[in-house]
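Engineer: This is the structure, below, for whatever I ask next.
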């Protein structure tokens, strides 16, 4: 899950006061008990920030100690958890799953335990989209999110486009855009939200073909089909591209360092990805896990993660103490919800149709 690993690029500016805030909002610590929880999260800066700020605040509020477990990207982690579950020895009680991996885990069955929403009142702060249920019950609760966004080079574009559709204007953007080369990078979701009926367009092969053909129309305006984010970063810095799609958080960091890039939310919005906390089916720490998820869902903790890790909160800004500037650094509105199930159910057709489009004139 390369997007979440990009947190290593983000700079932390928070202070101990952030933890104090979380503790004050979430209540006074409970009497110390010999309770513990193994929590899986992506490594590097991301995990270090959780260990420095989130886990200590949780322990202070609940008395539950946390053992941090480094997990790989969600797809690899799903395989690891399958093997570990069969062996009866799961490395983490709760861990992070991307929505597509969560859907896969639900379809496989037997990997995740249902959660008791009545024990996690703070999850009511989250939109229902971030509470994933299947036939067994609630099996995933959103932890944090991140965006792929419209970006422009401010040395060449004075006013950012009001709509993604403006990028199809060859008079202004001929041979000047940077678009992700990957079929599942959410550019097709952008096309669907801009010109079609959103996720519904992915329901048929004809709809998918229509999306790809609309994307084909942008080829004369696309100077760079990037597969590595460093390619887009360098092209923006060099002025080789004047607009396109890139990661909101990294763009904000580049702008703060003086590079001519603006991350913008047009009227259709930007694609939003997110990770969910999920409980292993063979964990005996359901009570502790639900306390942690409840803590994570509290607006104070969501704000803490935004400041310390650079993730977008899953609660309305009005419920947090984030300033407009702090919120804009990590999030925005509206959002485009990717067609995750379509990418899973019809992966081969989507990929082949997309790759054929890229390889032909």
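Residue numbers (the numbering used here): 14 to 374. Just so it is clear, CB atoms sit at the ideal spot from N, CA and C, and this is done for glycine as well. These numbers come from a predicted model, not from an experiment.
Could you name the residues that DSSP lists as bridge partners for residue 277?
Structural biologist: Paired residues: 163.
Engineer: For residue 312, is the classification buried or exposed, using 16 other Cβ atoms within 10 angstroms of its Cβ as the cut-off for buried?
Structural biologist: By the 10 Å Cβ count, residue 312 comes out buried.
Engineer: Considering residue 227, what are the terminal residues of the alpha helix (DSSP H) in which it resides?
Structural biologist: Taken as a continuous stretch (DSSP letters only), the alpha helix (DSSP H) holding residue 227 covers 218 to 229.
Engineer: Which residue spans inside the stretch 87 to 160 form an unbroken alpha helix (DSSP H) run of at least 4?
Structural biologist: The stretch 87 to 160 contains these whole alpha helix (DSSP H) runs: 87 to 100 and 112 to 121.
Engineer: Which of the three DSSP states is assigned to residue 51 in this structure?
Structural biologist: Note: residue 51 maps to strand in three-state DSSP.
Engineer: Name the DSSP beta bridge partners of residue 284, please?
Structural biologist: 349.
Engineer: Should residue 117 be labelled buried (16 or more other beta-carbon atoms within 10 Å of its own) or exposed?
Structural biologist: Looking at its Cβ environment, which holds 16 or more other Cβ atoms inside 10 Å, residue 117 is buried.
Engineer: Under three-state DSSP, which class holds residue 203?
Structural biologist: In the structure shown, residue 203 sits in a helix (DSSP, three-state: H, G or I).
Engineer: Are there 16 or more other CB atoms within 10 angstroms of the CB of residue 120, so buried, or fewer, so exposed?
Structural biologist: Residue 120 comes out exposed.
Engineer: Cα separation between residue 331 and residue 137?
Structural biologist: Distance between the alpha carbons of residue 331 and residue 137 is about 15 angstroms.
Engineer: Between residue 258 and residue 229, what straight-line distance do the alpha-carbon atoms span, to the nearest angstrom?
Structural biologist: Cα to Cα, the separation comes out at about 16 angstroms.
Engineer: Tell me whether residue 327 sits in a helix, a strand or coil according to DSSP, three-state version.
Structural biologist: Note: residue 327 maps to coil in three-state DSSP.
Engineer: Could you name the residues of the same chain whose beta carbon sits closer than 7 angstroms to that of residue 103, not counting the 5 residues immediately before and after it, in chain order?
Structural biologist: If we look at residue 103 and ignore the five residues flanking it on each side, its Cβ neighbours are 94, 97, 293, 295 and 296.
Engineer: Report all residues from its chain with a CB closer than 7 angstroms to the CB of residue 211; omit the five preceding and five following residues, and keep chain order.
Structural biologist: The answer, listed in chain order, is 205.
Engineer: Report back the beta-carbon spacing between residue 156 and residue 319 to the nearest angstrom; my notes put them in contact at under 8 angstroms.
Structural biologist: Wrong, their Cβ atoms sit about 12 angstroms apart, outside the cutoff.
Engineer: Rounded to the nearest angstrom, what separates residue 6 and residue 360 at their Cα positions?
Structural biologist: Nothing can be reported for residue 6: it is not among the residues displayed for the chain, which extend from 14 to 374.
Engineer: Please name the residue or residues paired with residue 290 in a DSSP beta bridge.
Structural biologist: Answer by DSSP bridge pairing, in chain order: 109 and 154.
Engineer: Does the separation of the CB atoms of residue 369 and residue 281 fall below 7 angstroms?
Structural biologist: Not a contact, by the Cβ cut-off of 7 angstroms.
Engineer: List the whole-angstrom C-beta distance separating residue 200 from residue 190, where the pair is believed to meet the contact cut-off of C-beta under 8 angstroms.
Structural biologist: About 11 angstroms; that fails the 8 angstroms criterion.
Engineer: With DSSP run on the structure shown, which of helix, strand or coil describes residue 315?
Structural biologist: Correct three-state label for residue 315: helix.
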